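Step one of this worksheet: look at the structure below.
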Amino acid sequence: MVAGLLLLGAARPEGAPSLSPYRRYDSNAFIHGNFKPSFQKQWKVSARCSKDPSPEGADQKPQVMLPLAVSSFRKVTDPVMPKRLAEGVKSLGPEEREGLEGSLLQLYKGYEQMLDQQDQPLLKNNLAGAFNYFFMSSFYALRNGQELTGVQQQSMLNQINTAIGMGLKDRRMSDREKQELYESVVLSGNIILGLYNEGRDKGRADLTKESRELAKELLDEMMGIRIDKVHAEDTCVWIE
Numbered sequence: 002m003v004a005g006l007l008l009l010g011a012a013r014p015e016g017a018p019s020l021s022p023y024r025r026y027d028s029n030a031f032i033h034g035n036f037k038p039s040f041q042k043q044w045k046v047s048a049r050c051s052k053d054p055s056p057e058g059a060d061q062k063p064q065v066m067l068p069l070a071v072s073s074f075r076k077v078t079d080p081v082m083p084k085r086l087a088e089g090v091k092s093l094g095p096e097e098r099e100g101l102e103g104s105l106l107q108l109y110k111g112y113e114q115m116l117d118q119q120d121q122p123l124l125k126n127n128l129a130g131a132f133n134y135f136f137m138s139s140f141y142a143l144r145n146g147q148e149l150t151g152v153q154q155q156s157m158l159n160q161i162n163t164a165i166g167m168g169l170k171d172r173r174m175s176d177r178e179k180q181e182l183y184e185s186v187v188l189s190g191n192i193i194l195g196l197y198n199e200g201r202d203k204g205r206a207d208l209t210k211e212s213r214e215l216a217k218e219l220l221d222e223m224m225g226i227r228i229d230k231v232h233a234e235d236t237c238v239w240i241e
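Heads up: the sequence shown begins at 2 in my numbering, then just goes up one per residue.
This is the structure in structure tokens:
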């Protein structure tokens with residue numbers, strides 16, 4: 002997914018209004034119902050993840066694996082978060098706000114088109130796929146353009162899917178709530194990636210700084226993860 006991910010954040014959506022969607026938004030707009038994947042400490046490094054596992058790592062319980070379907074949902078309405086995010090930018094007039102909404106909508110559609118192109122239908126309308134995309138975007142920005150390998154991406158997807166499955170046991174969510182969360186997570190990943198790439202390509206340190214600040218803030222608020230606690234090894238990613 003990395004190639005498509007980088008392409009999505011490389012430029013403004015084709016045919017979109019001139020108002021760039023890559024800007025700083027109120028982080029509260031991305032948070033829906035305070036749902037956060039419940040990562041567990043037993044998912045720390047295991048013998049499968051480390052070439053030379055420590056005794057502590059060897060004693061860890063193996064990660065529980067759940068089918069991807071546990072984080073899927075049924076789409077119930079047209080996208081709602083592009084309009085909600087645009088309305089939250091109070092400094093814009095009606096026409097500018099409408100233009101921003103159009104840009105955000107195209108960003109969202111671009112993610113789903115990427116999944117179609119990569120023949121990954123199971124990740125469409127799937128919270129784990131959206132959170133994994135957001136995580137990869139944040140990791141890329143916070144680690145100065147470092148990309149996760151395909152194996153590392155799959156490792157993180159499995160962990161996120163299980164975390165969401167466990168979280169939904171304690172927190173019931175309707176399909177509409179899941180859809181709004183899905184849209185929020187996808188758009189946050191796009192915006193972080195777009196800010197970073199636009200700043201890098203135009204030599205604007207203020208934009209790359211802004212992307213990192215937003216990534217750091219949302220990574221903590223949406224997933225409970227700090228980038229300094231993330232370890233990307235040859236065959237997996239694990240969180241302290």
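Backbone N, C-alpha and C define an ideal beta-carbon position, used for all residues, glycine too. As the structure is a prediction and not an experimental result, all values here were calculated from the model.
Buried/exposed call for A59, threshold 16 Cβ in 10 Å: On the sequence shown, position 58 is the one that residue 59 refers to. Note that A59 scores a pLDDT of 44, beneath 50, so its modelled location is shaky; the value from the coordinates is reported in the next line. Exposed, since its Cβ has fewer than 16 Cβ neighbours within 10 Å.
C-alpha gap between Q107 and S185, whole angstroms: Stepping through the sequence shown from its first residue, residue 107 is reached at position 106. Stepping through the sequence shown from its first residue, residue 185 is reached at position 184. Taking the straight line from one Cα to the other gives about 14 Å.
6 Å CB neighbourhood of Y197 in its chain, flanking five on each side removed: Position 196 of the sequence shown, counting from 1, holds the residue named residue 197. Closer than 6 Å at Cβ, skipping near neighbours: A142, T209, S212.
Identity of the residue in Y26, N127, Y112 nearest Q180 by Cα: Taking the sequence shown and counting its residues from 1, the one referred to as residue 180 is at position 179. Comparing Cα-Cα distances from Q180 to each of Y26, N127, Y112, the minimum goes to N127.
Beta-carbon spacing of S175, L219 below 8 Å: Taking the sequence shown and counting its residues from 1, one reaches residue 175 at position 174. Taking the sequence shown and counting its residues from 1, one reaches residue 219 at position 218. In this structure, L219 does not lie closer than 8 Å to S175 by Cβ.
CB contact flag (P80, Y109, <8 Å): Residue mapping note: residue 80 aligns to position 79 of the sequence shown, counting from 1. Residue mapping note: residue 109 aligns to position 108 of the sequence shown, counting from 1. Result yes, Cβ atoms of P80 and Y109 sit closer than 8 Å.
Three or more C-beta pairs below 8 Å linking the stretch 128 to 140 and the stretch 153 to 170: yes
Completely contained alpha helix (DSSP H) runs for the stretch 130 to 195, where each covers 4 or more residues: 151 to 171
Three-state secondary structure (DSSP) of I228: As a first step, residue 228 is located in the sequence shown; it is residue number 227 there, counting from the start. I228: helix per DSSP, three-state reduction.
N- and C-terminal bounds of the alpha helix (DSSP H) containing E97: Position 96 of the sequence shown, counted from the start, is the residue given in the question as residue 97. The continuous alpha helix (DSSP H) containing E97 extends over residues 95 to 118.
Separation of W239 from N191, as counted between CA atoms: As a working note, residue 191 is residue 190 in the sequence shown. As a working note, residue 239 is residue 238 in the sequence shown. Computed Cα separation, rounded: 23 Å.
Beta-carbon gap between T78 and R177 smaller than 8 Å: By 1-based counting over the sequence shown, the position of residue 78 is 77. By 1-based counting over the sequence shown, the position of residue 177 is 176. For T78 and R177, yes; Cβs fall inside 8 Å.
Nearest-angstrom beta carbon gap, L101 and L182 [assumed within contact, 8 Å]: As a position in the sequence shown, residue 182 is number 181, starting the count at 1. As a position in the sequence shown, residue 101 is number 100, starting the count at 1. Actually they are not in contact, since the Cβ atoms of L182 and L101 sit about 21 Å apart, beyond 8 Å.
Burial state of P22 (16 or more Cβ within 10 Å): Counting from one through the sequence shown, the residue named residue 22 turns up at place 21. So P22 ends up on the buried side.
Residues bridged to V238 (per DSSP): The count along the sequence shown starts at 1 and reaches residue 238 at position 237. Paired residues: A233.
Under the three-state DSSP convention, the category N127 falls into: Taking the sequence shown and counting its residues from 1, one reaches residue 127 at position 126. Looking at N127 - three-state DSSP - the assignment turns out to be strand.
Exposed unless 16 or more other CB atoms sit within 10 angstroms - verdict on G146: Here residue 146 corresponds to residue number 145 of the sequence shown, with the count starting at 1. With fewer than 16 Cβ atoms within 10 Å of its Cβ, G146 is classed as exposed.
Integer-rounded CB distance, given that L194 should sit under 8 Å from S138: Here the question's residue 138 lines up with position 137 in the sequence shown. Here the question's residue 194 lines up with position 193 in the sequence shown. With a beta-carbon spacing of about 4 Å, S138 and L194 fall inside the 8 Å limit used to define contacts.
Secondary structure of S72, DSSP reduced to three states: Here residue 72 is taken as the residue at index 71 of the sequence shown, counted from 1. When DSSP states are grouped into helix, strand and coil, S72 belongs to the helix group.
Neighbourhood of H232 by C-beta distance below 6 Å, restricted to the same chain and skipping five residues each side: On the sequence shown, position 231 is the one that residue 232 refers to. Closer than 6 Å at the Cβ level, and outside the excluded window around H232, lie W239.
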